[in-house]
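Written out below as structure tokens is the structure these notes cover.
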Amino acid sequence: MIWLFAQQMVNGLVMGSVYALLALGLTISFGIARVINFAHGELYMLGAFFTYVAAARFGYLPGVGISVLGMVAIGLLLDRLVLKPLRKGKMSLWAPFLATLAVSVILQNLAMAVFGPDPYLLSSPFAYNPVIIAGLVVTKQDILIAGVSLAATLLLTLFIKKGRYGLAMRAVARDRQTAALMGIGIEKVYMLTFALSAVLAGLAGALVAPKAMVDPFIGRMALLKGLSVVILGGLGNIPGAIAGGLVLGVSEALGAGFISAAYKDAIGYALMILVLLFRPEGILGKKMRRA
Amino acid sequence: MLEVKNLDVYYGPHRALEGFNLSVKEGEIVALVGANGAGKSTLLKVVSGLIRPRSGEIHFADRRVDGLAADAVLRAGIVHVPEGRRVFSDLTVEENLLIGAFSRRDSEIRQDAERIYEYFPVLKERRGQFAGSLSGGEQQMLAIGRGLMGRPKLMMLDEPLLGLAPVMVEKVAEIIQSLNRMGISVLLAEQNITVALGVAHRGYVVETGRITMEGEAGALAADPQVRQAYLGI
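Residue numbers (our numbering), protein chains in the order written: chain Z, 228 to 518; chain D, 26 to 258.
Shown next as structure tokens:
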């Protein structure tokens, strides 16, 4: 019983760190650019496919690196081609919502056209031969996932807190006209935001793919998980995204272990509904303020 | 130093400024006075590159600056302290100052921040606090300090006295005069005509997008028409 609890905690924290990565990307694009990116799941899917293609030639880890570079390009394209034209005049929440929904469908179908509907197995040298630590079974891939997620999260937090452009991002998030008066290149900040957001999503895809299969539609579930976490943690709230990711991962894993694996997703959504009912600002969210 | 020539500005079909001519000479404080909605803020926003004029020219220090983006105008030496202070409320006081220096790449940013703390000791005491926790007057000081971090040659202040307690109004008026003594030219858009004309060298009166009177600040303040229209005496 205690063993099962500990094992599921470990599994939950590993998945939770992936959820946190997904949610961080969503939360910065909402917090800074006021875009709820419905193509975020497809960024995750692209990250996995980029890694699959690159890994076939260069091996898994270099493949992840190449995928990250590819995601920078995708994030910039998303901002320049789709979101920038919508920023003229008053910022609406609806226009980017519909536009990114369209991007999501387009990317799914492009991936279908290129890769077909069948799932692919992305193999990683770390996914086999699990190690046993204190009686708990962990693959090296799990350790990689948790380690890279932790590092990415720390770097992002540090950058936003201390970096020159991190400061600019926070200023734009709060008041973009005054930020422009400070000489901040607003468009540069948006480009940076979506490049970062895409890298985080892609990284999540690249890391999880060896534990699951890759197909053109894996983004749907990824988006749902990411959105749940963002709601758990509070929209636009970075520590909330991290906490929310871990909470969702752990509760899913414990639910799967102690109730039934079939209810894993239901448990996540039940948690989300409870948070919406009793703490709509999110577990770490502040009370809603004028945005 | 600043020359605004024949400026026409529209918001959609609505004309906001018409045939607007204004100048600020080096070392001057110029007041731009008039009622709410007369077009004072619009002029400032056009100069700082937030709004594009339909026609007309703006020259600053022998360069044409109309049509430049906000960051280029800032680098040319014009700082715009917006109406309502607009400090970044969930950034700290210190971060607000640093962001005022965003356009700069030199190594003296820290020194400048220290100088501003010396000048506004209350900001130093609160350097780690969120700007949103400051009082209105303190926020105005922060907004001016943040503007100074951009090392302006010309500072444009939009309604810096609005909503301040009488003591603070006096204090901010003194600050404006001391900015001027530091060698910064000032364009002051203000509804508080008495104080604005009190600190300024020259003034312009704006009504519905047009300049209706201009002259020495003292003469304007003494003008019977101005007194009747704006001071009720």
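Here a beta-carbon is modelled for each residue, glycine too, at the ideal position from N, C-alpha and C.
Pull the bridge partners of Met-180 of chain D from the DSSP assignment, please.
The partner list for Met-180 of chain D (beta bridge, DSSP) reads D:Val-104 and D:Val-211.
Residues of chain Z with CB under 7 Å from Phe-127 of chain D, in chain order?
One finds Ala-395, Met-409, Gly-410 and Ile-411 in chain Z with Cβ atoms closer than 7 Å to the Cβ of Phe-127 of chain D, taken in chain order.
Looking at chain D, is there any beta carbon in it that lies within less than 8 Å of the beta carbon of Arg-401 of chain Z?
Cβ-Cβ to chain D under 8 Å: yes for Arg-401 of chain Z.
For Arg-77 of chain D, which of D:Ala-95, D:Arg-88 and D:Gln-250 has the nearest alpha-carbon?
When only C-alpha atoms are compared, the closest one is D:Ala-95.
Paired residues, beta bridge with Lys-149 of chain D - DSSP
Bridge pairing for Lys-149 of chain D: absent [DSSP].
How would you list, in chain order, the residues of chain D whose beta-carbon sits under 8 Å from the beta-carbon of Ala-468 of chain Z?
Within chain D, no C-beta atom comes less than 8 Å from the C-beta of Ala-468 of chain Z; the nearest is roughly 17 Å away.
Taking the alpha carbon of Gly-292 of chain Z as the point to measure from, which residue in Z:Leu-313, Z:Leu-427, Z:Ala-489 and Z:Ala-340 has its own alpha carbon closest?
When only C-alpha atoms are compared, the closest one is Z:Leu-427.
Hey, would you say Val-230 of chain D sits closer than 8 Å to Leu-245 of chain D, going by beta carbons?
Taking 8 Å as the Cβ cut-off, Val-230 of chain D and Leu-245 of chain D qualify as a contacting pair.
Report the residue from D:Pro-107, D:Asn-61, D:Gly-37 and D:Arg-79 whose alpha carbon sits nearest the alpha carbon of Glu-232 of chain D.
Closest by alpha carbon: D:Asn-61.
Proximity below 8 Å, CB of His-105 of chain D to CB of Ser-73 of chain D
If you check the CB distance, His-105 of chain D and Ser-73 of chain D come in under 8 Å.
Here's the rule: buried if 16 or more other CB atoms are within 10 angstroms of the residue's CB, otherwise exposed. What is Thr-420 of chain Z?
Buried, since its Cβ has 16 or more Cβ neighbours within 10 Å.
Can you list, in chain order, the residues of the segment 62-81 of chain D whose Cβ is nearer than 7 Å to any Cβ on chain Z?
Against chain Z - using a Cβ distance shorter than 7 Å - the residues of the segment 62-81 of chain D are Ser-73 and Leu-75.
Quick check: the segment 104-119 of chain D against the segment 397-407 of chain Z, are at least 3 beta-carbon pairs closer than 8 Å?
The segment 397-407 of chain Z is in contact with the segment 104-119 of chain D.
Helix, strand or coil: which one does DSSP assign to Asp-137 of chain D?
Asp-137 of chain D falls in the helix class under three-state DSSP.
Would Asp-131 of chain D be called buried (16 or more neighbouring beta carbons within 10 Å of its own) or exposed?
A residue is called buried when at least 16 other Cβ atoms come within 10 angstroms of its Cβ; Asp-131 of chain D does not meet this threshold and is exposed.
DSSP-derived helix/strand/coil call for Ser-128 of chain D:
Under the three-state reduction of DSSP output, Ser-128 of chain D falls in the coil class, being neither helix nor strand.
Which of helix, strand or coil does DSSP assign to Ala-449 of chain Z?
Helix at Ala-449 of chain Z.
Give, in chain order, every unbroken run of the alpha helix (DSSP H) that is at least 4 residues long and sits entirely within the segment 52-111 of chain D.
Fully enclosed alpha helix (DSSP H) runs of 4 or longer: 65-72 and 95-101.
From the DSSP output, which residues share a beta bridge with Arg-397 of chain Z?
Looking at the DSSP output, Arg-397 of chain Z sits in no beta bridge, so it has no partner there.
Give me the chain Z residues within the contact set of Phe-85 of chain D, using Cβ-Cβ distance strictly less than 9 Å, ordered along the chain.
Here the premise fails: no neighbours, minimum Cβ distance about 15 Å.
What are the residues in the segment 198-218 of chain D lying within 8 Å of chain Z by C-beta distance?
Within the segment 198-218 of chain D, contact with chain Z at the beta-carbon level (separation under 8 Å) is assigned to no residue.
Interface flag, His-105 of chain D vs chain Z, CB-CB below 8 Å:
At a cut-off of 8 Å between C-beta atoms, His-105 of chain D counts as an interface residue with respect to chain Z.
Ser-203 of chain D, DSSP secondary structure in three states
The three-state reading of DSSP puts Ser-203 of chain D in helix, counting H, G and I together.
Leu-434 of chain Z and Ile-372 of chain Z closer than 8 Å at C-beta:
In terms of Cβ geometry, Leu-434 of chain Z and Ile-372 of chain Z form a close pair [threshold 8 Å].
Spatial neighbours of Val-49 of chain D within its chain, please: CB distance less than 6 Å, with the 5 preceding and 5 following residues excluded, ordered by chain position.
For Val-49 of chain D, where only same-chain residues beyond five positions count, the Cβ hits under 6 Å are Met-26, Leu-27, Val-55, Ser-210 and Leu-212.
Identified DSSP bridge partners for Tyr-259 of chain D:
An answer regarding residue 259 of chain D cannot be provided, because it is not within the stretch 26 to 258 covered by chain D.
Give me the Cα-Cα distance between Gly-227 of chain Z and Phe-257 of chain Z, rounded to the nearest whole angstrom.
Nothing about residue 227 of chain Z can be read from this structure; chain Z reaches only from 228 to 518.
Once the 5 residues before and after Ala-326 of chain Z are set aside, which same chain residues still bring their CB inside 8 Å of it?
Cβ within range, chain order: Val-309, Leu-310 and Leu-313.
Taking the continuous beta strand (DSSP E) assigned at Met-440 of chain Z, which residues delimit it?
For Met-440 of chain Z, no beta strand (DSSP E) run applies, since DSSP gives it neither H nor E.
In this structure, does DSSP put Phe-277 of chain Z in helix, strand or coil?
It is helical.
Closest to Ile-201 of chain D by C-alpha separation, out of D:Gly-188, D:Arg-152, D:Gly-170 and D:Ala-190, would be which residue?
In terms of CA proximity to Ile-201 of chain D, D:Gly-170 leads the group D:Gly-188, D:Arg-152, D:Gly-170 and D:Ala-190.
Pick from D:Gly-243, D:Arg-235, D:Gly-240 and D:Glu-241 that is closest to Gly-59 of chain D, judged by C-alpha positions
Ranking the options by Cα distance to Gly-59 of chain D, first place goes to D:Arg-235.
Mind checking which residues open and close the beta strand (DSSP E) that includes Arg-227 of chain D?
Residues 227-232.
Grab me the residues of Leu-251 of chain Z's own chain with a C-beta within less than 6 Å of its C-beta, minus the 5 sequence neighbours each way, in chain order.
In its chain, beyond the 5 residues on either side, Leu-427 and Ala-468 have a beta carbon closer than 6 Å to the beta carbon of Leu-251 of chain Z.
What does the alpha-carbon distance come out to for the pair Arg-516 of chain Z and Ala-214 of chain D?
Unreliable placement is indicated for Arg-516 of chain Z, whose pLDDT of 46 sits below 50; the coordinate value is still reported in the next sentence. Linking Arg-516 of chain Z to Ala-214 of chain D through their CA atoms gives a straight-line distance of about 30 Å.
In terms of alpha-carbon separation, which member of D:Leu-32, D:Ala-242 and D:Val-251 lies closest to Gly-259 of chain D?
Since the first residue shown for chain D is 26 and the last is 258, residue 259 of chain D is missing from the structure and cannot be characterised.
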